[in-house]
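Please read the structure below before turning to the comments.
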Amino acid sequence: MSTISKILIANRGEIALRVLRACKELGIATVAVHSTADADAMHVRLADESVCIGPPPSRDSYLNIHQIVAACEITGADAVHPGYGFLSENAKFADILEAHGITFIGPTAEHIRLMGDKITAKQTAVELGIPVVPGSDGEVTSENVLETARKIGFPVLIKATAGGGGRGMKVAKTEGELEEAFNTARTEAAAAFGNPAVYMEKYLGKPRHIEVQVVGDGEGNAIHLGERDCSLQRRHQKVWEEANSPALNVEQRMKIGKICADAMKKMKYRGAGTIEFLYENGEFYFIEMNTRLQVEHPITEAITGIDLVHEQIRVASGAGLSVTQDEITFSGHAIECRINAEDPRTFVPSPGTITHFHAPGGLGVRVDSGAYAGYKIPPYYDSLIGKLIVHGRTRVECMMRLRRVLDEFVVDGIKTTLPLFQDLVANQDIANGDYDIHWLEDYLARTSA
Ligand code: MV4
């Protein structure tokens with residue numbers, strides 16, 4: 001047990017605020033860090049203390065490990081919560097904090113590294129009994145690429161070992177397309193990640209993206225909190241997420257959940273994590289594991305009533321999980337809409353000053369946002385300005401509520417993705433839960449003027 005009495009939040013925006021709220025509820029003091037562009041941000045105002053860590057570019061501020069460690073030393077913070085993005089999956093950061101006697105609120109550096117390499121992640125999944133996409137046994141080289149593809153069967157997908165988020169990914173539908181796909185994937189992987197290594201999988205044509213939330217205590221206890229369906233995305237940016245997945249029944253949920261929780265017990269995983277699957281024709285195929293809290297975690301919180309940041313802080317301090325698997329129940333349905341400062345059709349960023357801001361309220365409504373009237377969105381960071389999370393007893397009730405809530409939400413002065421959600425909530429495929437990972441891009445192409 002290492003008591004945590006002051007947490008430095010190494011992030012910005014809505015997630016910094018989200019973590020801060022959990023700290024306050026647990027009676028833990030908070031330190032905000034910020035770039036010069038974020039001096040007026042809500043997370044800075046609401047924290048007990050704040051430290052300016054550098055100029056606007058992320059690499060000079062939110063990604064600057066030495067500045068963040070210095071901010072811990074100055075303020076006496078005994079732990080760091082990294083949020084998502086930035087340093088949240090940086091093993092070196094976790095190592096450096098440990099060397100300074102500061103608790104990293106997350107998994108061990110070893111587990112971050114293991115899952116950061118997509119080949120070792122997949123091999124680990126196999127060893128832990130998690131079903132994976134059929135594919136190459138490790139790295140694919142120019143020597144074995146053809147033989148491997150023939151064995152797997154076309155179409156195949158070539159992926160970067162150091163990848164994630166879809167970069168350095170190439171499909172080969174036939175043998176004729178293989179050489180070019182292999183070479184392009186390697187070139188892109190080298191450019192994007194500094195590592196040209198690639199591996200190969202059977203290409204799944206119309207899957208859903210379903211991910212399972214897990215939390216482990218690092219001592220062999222772990223729980224799952226069901227799944228989220230994140231199929232509605234554009235260019236690998238999630239747009240709308242729901243829990244539970246409209247595609248699963250209770251038996252399927254508990255079966256894949258147990259597989260994931262058992263795997264986390266075996267590896268003695270510590271912290272919150274997400275095990276990502278593609279789901280097609282009733283089968284789950286592991287693709288990656290994220291070793292951080294995710295943007296869309298609130299929909300899981302809505303249907304389970306469990307605060308995931310509380311659990312992260314508990315397990316980081318050695319206090320253990322607050323619940324056992326048997327105590328977890330899934331109640332109703334939740335949908336999250338990501339409110340981005342972007343054009344709702346082209347997704348071109350729209351930074352600037354918010355002139356009017358009114359967040360909706362009422363039963364089953366949660367808004368996680370640091371935005372306010374007069375707030376100037378800086379152009380340096382991602383365009384997520386808030387998340388709308390709606391909960392209902394059934395999916396139909398949740399959708400009805402979402403329709404009502406979207407009508408109340410006012411964000412003026414900039415473009416936002418709110419109008420897109422007005423369209424989606426009225427769409428018949430969405431109402432039926434009938435969509436896959438390509439649906440949104442197809443819809444946008446189909447409905448473009
Ligand atoms: C796949 C796939 C089809 N087959 N793997 C994209 C990002 C990375 N996390 C995994 N991705 C995919 N892997 C096989 N074997 C299709 C995708 C994919 C995708 C996955 C999840 C959500 C959105 C996606 C959009 C395009 C492609």
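Count the sequence shown with the numbering used here and you get residues 1 to 449, in order. Glycine included, C-beta positions come from ideal geometry on N, C-alpha and C.
DSSP three-state assignment for residue i, whether helix, strand or coil
i	result
Y380	coil
T274	strand
G386	strand
R208	strand
F409	coil
E177	helix
S448	coil
H100	coil
I414	coil
V295	coil
S58	helix
R18	helix
E441	helix
V323	coil
R403	helix
D368	strand
A192	helix
L114	helix
L146	helix
L420	helix
F93	helix
F182	helix
L46	helix
R253	helix
N427	coil
A39	coil
Cross-strand partners of residue i (DSSP beta bridge)
i	result
P511	The chain is shown only over 1 to 449; residue 511 falls outside these bounds and no answer can be derived.
E288	E276
A172	V156
H310	Per DSSP, none; premise fails for H310.
I223	V215
I9	A32 and H81
K238	Q233
A243	A334
H391	A334
K202	V156
C52	H34
H356	D412
G135	E201
R228	E211
V140	V198
E283	E280
Residue i vs residue j beta-carbon contact at 9 Å
i	j	result
F104	L97	yes
G13	D382	yes
A189	A160	yes
W513	C337	Only positions 1 to 449 of the chain appear in the structure, and residue 513 is not among them; the question remains open.
G165	H236	yes
T417	E327	no
A316	G271	yes
K92	Y199	no
E227	Q213	yes
K206	E288	no
V405	L388	yes
H66	V51	no
A149	A197	no
V145	E180	no
V140	F182	yes
8 Å contact criterion, which residue i and residue j should meet: CB distance rounded
i	j	result
A247	G433	7 Å
M115	T291	5 Å
N11	G83	3 Å
A171	Y285	Before going further, note that residue 171 is Val rather than Ala in the sequence given. That belief does not hold up - the Cβ atoms of V171 and Y285 are roughly 16 Å apart, past 8 Å.
K266	L128	5 Å
L444	V425	L444 to V425, Cβ: 16 Å. No contact.
F277	I210	5 Å
H459	N244	Nothing can be reported for residue 459: it is not among the residues displayed for the chain, which extend from 1 to 449.
A71	V31	7 Å
V19	I9	5 Å
A77	I112	No, A77 and I112 are not in contact; Cβ-Cβ is about 20 Å, not under 8 Å.
E441	R208	With a Cβ gap of about 14 Å, E441 and R208 do not count as contacting.
N414	G352	The sequence as given places Ile at residue 414; Asn does not occur at that position. That pair is a contact at about 5 Å.
D368	L46	Wrong, their Cβ atoms sit about 13 Å apart, outside the cutoff.
P378	D38	7 Å
T300	L225	5 Å
L321	V396	No, L321 and V396 are not in contact; Cβ-Cβ is about 33 Å, not under 8 Å.
Heavy atom of the ligand SAH within 8 Å of residue i beta-carbon
i	result
I328	The model depicted lacks the ligand SAH and carries the ligand MV4 instead.
Neighbour flag for residue i against chain E, beta carbons, 9 Å
i	result
T30	Of the protein chains in the structure, only one exists, and it is not chain E.
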